[in-house]
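Chemist:
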Amino acid sequence: MAVKIIGTGSYLPKNVADNQFLSTIVDTNDEWISQRTGIKERHLSSGSKEGTSFMAIEAARAALDNAGITPEDLDLIIVATVSADTYVPSTSCQVQGEIGAIRATCFDLNAACSGFLFSMNTANAYLEMGMAKTALIIGAETLSREVDWSDRSTCILFGDGAGAAVLKKVEGEGGILASVTGSDGTQGDVLTCKGRGIQNPFYKSRRKKDYIQMQGQAVFRFAVSTVPKYIKHILKKTELEPDDIKYYILHQANRRILELIAKRLKVDMDKIPMNLDHYGNTSSASIPILLDELNRNGLLEQGDKIVLSGFGGGLTWGATLIEW
Ligand code: ACO
403 MAVKIIGTGS YLPKNVADNQ FLSTIVDTND EWISQRTGIK ERHLSSGSKE
453 GTSFMAIEAA RAALDNAGIT PEDLDLIIVA TVSADTYVPS TSCQVQGEIG
503 AIRATCFDLN AACSGFLFSM NTANAYLEMG MAKTALIIGA ETLSREVDWS
553 DRSTCILFGD GAGAAVLKKV EGEGGILASV TGSDGTQGDV LTCKGRGIQN
603 PFYKSRRKKD YIQMQGQAVF RFAVSTVPKY IKHILKKTEL EPDDIKYYIL
653 HQANRRILEL IAKRLKVDMD KIPMNLDHYG NTSSASIPIL LDELNRNGLL
703 EQGDKIVLSG FGGGLTWGAT LIEW
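In the working numbering, the protein residues as written are 403 to 726.
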């Protein structure tokens, strides 16, 4: 038996903010953003009707359609997000309610930008254990609500969107071949977005709404050392060479990070597809959005070996090797 991806889907808001547009909001310019990050434009939610749950639902519907299954087939829905519309109900329960996945167990998961990889690992464990046969995993984010739109060092980096995949345990070989995830809470301070302050009869926090704060260079160093290390780890485990992999579908944070990862793996950039120029960093949604693009463009063929890998706040990281 193998756990395979049988369908993918994604959703991007219609509003697009290019670098020129951002230069009318903060003191920045297209040249700085393009050279330092590779980002040219990003999609931004048009408001509360196009929030995290809406985008997750649209991506879910597209993935189910692509997989050719009905919502009733789902045993499990996991949504990775750090930007849910509500604390309760969870985004996954909202997806379930809206699409009618009446049999599914649903919960959200927070591993920041690594969330989709953690969701895939968790769903894989459910499927391997026989606790579910078919799972829907989604990365969905409205990071535009979490950034300070007067902070030029962060607001230029992020975008909104959602991506989804359906996993199924099927007869045969291939599917998820190896996976690793990890976390280092001692470095949590390098990328934060604090929650609501405590308000109760004993204590009144003076904290105002908080925004994403990041030590960019520390995150950069972490990404370019950790991602290649764990990709090499799963390649070694499966006795594969870096060139045996057709595509490395990596978290879309920064073009320079992707180029350094390619260098450290000694692979050509044509193995490292990129869409961050159009979408910016969509956190947990970036890997499934890119996966969906490759799938819909017919670039993934049965037997292809692909690696999904990324890093995020927490700090967290993950790498998964799949035979398509
Ligand atoms: N436009 C113009 N100038 C800017 C901007 C901007 N948008 N932002 C910062 N600057 C200025 C700074 O003020 C600074 O000016 P100074 O030298 O006068 O003080 C100068 O540019 C250099 O700033 P740095 O922060 O040192 O720039 P750096 O080269 O590190 O690039 C960046 C910043 C792009 C964030 C980089 O550190 C990076 O990519 N880090 C990786 C982190 C990442 O990608 N995070 C994404 C989210 S995390 C995740 O996905 C898990």
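By construction, the Cβ of each residue, glycine as well, lies at the ideal position given by its N, Cα and C atoms.
Where does the unbroken beta strand (DSSP E) through glutamate 543 begin, and where does it stop?
Modeler: 536-544 is the extent of the beta strand (DSSP E) around glutamate 543.
Chemist: Should arginine 438 be listed as close to the ligand ACO, given that the test is whether its C-beta is under 6 Å from any heavy atom?
Modeler: Yes, the beta carbon of arginine 438 sits closer than 6 Å to at least one heavy atom of the ligand ACO.
Chemist: Indicate, with yes or no, if the ligand ACO has a heavy atom lying under 6 Å from the CB of tryptophan 551.
Modeler: False, no ligand heavy atom lies under 6 Å from that Cβ.
Chemist: With the cut-off set at 7 Å, would you say cysteine 479 and alanine 514 are in Cβ contact?
Modeler: Rather than cysteine, the amino acid found at residue 479 in this sequence is isoleucine. Contact flag unset, no.
Chemist: Is valine 481 helix, strand or coil by DSSP?
Modeler: Residue state, collapsed to three classes: strand.
Chemist: Would you mind working out which of Ile408, Gln437, Glu530 sits nearest threonine 472, comparing C-alpha positions?
Modeler: Among Ile408, Gln437, Glu530, the Cα nearest to that of threonine 472 is on Ile408.
Chemist: For serine 555, verify whether its CB is less than 6 Å away from any heavy atom of the ligand ACO.
Modeler: Yes; taking the cut-off as 6 Å, the Cβ of serine 555 has a heavy atom of the ligand ACO nearer than that.
Chemist: Should arginine 444 go down as buried or exposed, given a rule of 16 or more other Cβ atoms within 10 Å for buried?
Modeler: It is buried - the Cβ of arginine 444 has at least 16 other Cβ atoms within 10 Å.
Chemist: Quick check: is any heavy atom of the ligand ACO less than 6 Å from the C-beta of cysteine 515?
Modeler: Yes, since a heavy atom of the ligand ACO falls inside the 6 Å radius drawn around the Cβ of cysteine 515.
Chemist: Taking phenylalanine 713 and phenylalanine 622 to be in contact with their CB atoms under 8 Å, please state how far apart those CB atoms are, rounded to whole angstroms.
Modeler: Contact flag wrong, Cβ pair sits at about 10 Å.
Chemist: Under 8 Å by Cβ, that's how I've got threonine 640 and leucine 579 pegged, so tell me the actual separation to the nearest angstrom.
Modeler: Their Cβ separation, rounded to whole angstroms, is 5 Å, which keeps threonine 640 and leucine 579 in contact under 8 Å.
Chemist: Out of Asp553, Gly705, Gly715, which one is the CA nearest neighbour of serine 685?
Modeler: Ranking Asp553, Gly705, Gly715 by Cα distance to serine 685 puts Gly715 first.
Chemist: Per DSSP, which one or two residues make a beta bridge with alanine 580?
Modeler: Beta-bridge pairing links alanine 580 to Leu723.
Chemist: Taking all protein chains shown into account, do 16 or more other C-beta atoms lie within 10 angstroms of the C-beta of tryptophan 551, making it buried, or fewer, making it exposed?
Modeler: When all chains shown are included, tryptophan 551 counts as exposed.
Chemist: Are the C-beta atoms of lysine 611 and some chain D residue less than 7 Å apart?
Modeler: The structure shown contains no chain D; it holds only a single protein chain.
Chemist: Going by the C-beta, is phenylalanine 423 closer than 6 Å to any heavy atom of the ligand ACO?
Modeler: The answer is no for phenylalanine 423.
Chemist: What three-state label does DSSP hand glutamine 654 in the structure shown?
Modeler: DSSP places glutamine 654 in coil when its eight states are reduced to three.
Chemist: Would you check if the distance between the CB atom of isoleucine 659 and the CB atom of alanine 721 is smaller than 7 Å?
Modeler: Not a contact, by the Cβ cut-off of 7 Å.
Chemist: Under the rule that 16 or more other beta-carbon atoms within 10 Å means buried, what is glutamine 704, buried or exposed?
Modeler: So glutamine 704 counts as exposed.
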